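K.L.:
Right, I'll just put the structure down here and ask away after.
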Amino acid sequence: MFGPQVNLWALPLGSRYAAFEEELDVITDSTPLLSVEHSFGSSPGGQAERLGADFQARVVLAGIGMLDGWEPQDGTAYYAIQGPTDINRALDGMQVDPFGYAVTASEENGFTELDSGFTGFRPFGQHGDVISADPSMNLQTHLHLERIFMELANR
């Protein structure tokens, strides 16, 4: 019973992420914190928030979603970037424990959905390419992230 569809991993990883964020607050003082999460990373990120993590922004790249009960936090900007045929879209909003994630990173759940720039039917390609360090693979993602970084830096 392994894989990103198993939501049990979100609980311990979210707890560790919340503790890490708390330590960052001590070190960075009032520096804005941005959480960039890919795929399964959106679930521990959401769980960390439920446990008190305070990010000024979260960017979810091809996110699988958050556990039932997650809600957006006041003062946090939420962004989602995902290809139109990304494989994770097939599971949007489905949770039957211990599988799946009830809360999709979507406008109805408080996220600003940004255009990935991807076209065509490439469920696995879009999923992997959205996080590529190579801007020729995902220029839109790089441009969005650069803008969000600058907005946070200028707060």
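Residue numbering for the sequence shown follows the numbering used here, starting at 29 and increasing by one per position.
Here a beta-carbon is modelled for each residue, glycine too, at the ideal position from N, C-alpha and C.
Treat the numbers as computed from the prediction; the structure is a model and nothing was measured.
What does the alpha-carbon distance come out to for the pair S63 and P163?
P.N.:
C-alpha separation (whole angstroms): 20 Å.
K.L.:
Mapping DSSP to helix, strand and coil, what is S144?
P.N.:
Residue state, collapsed to three classes: coil.
K.L.:
Write down every uninterrupted run of the beta strand (DSSP E) in the segment 63 to 88 whose length is 3 residues or greater and which is fully enclosed by it, in chain order.
P.N.:
Qualifying beta strand (DSSP E) stretches: none in this window.
K.L.:
Do A90 and V158 have their beta-carbon atoms positioned less than 9 Å apart in this structure?
P.N.:
Yes; because the gap between Cβ atoms is below 9 Å, this pair is in contact.
K.L.:
Would you kindly report the start and end of the unbroken beta strand (DSSP E) that includes Y106?
P.N.:
Looking at the DSSP string, the run of the beta strand (DSSP E) that includes Y106 is A105 to I109.
K.L.:
For the alpha helix (DSSP H) holding D157, just list the boundary residues, first then last.
P.N.:
Per DSSP, D157 belongs to the alpha helix (DSSP H) from P151 to D157.
K.L.:
With which residues is F127 paired in a DSSP beta bridge?
P.N.:
Paired residues: V34 and V124.
K.L.:
Is the Cβ-Cβ distance between L79 and I109 less than 9 Å?
P.N.:
Cβ atoms of L79 and I109: not closer than 9 Å.
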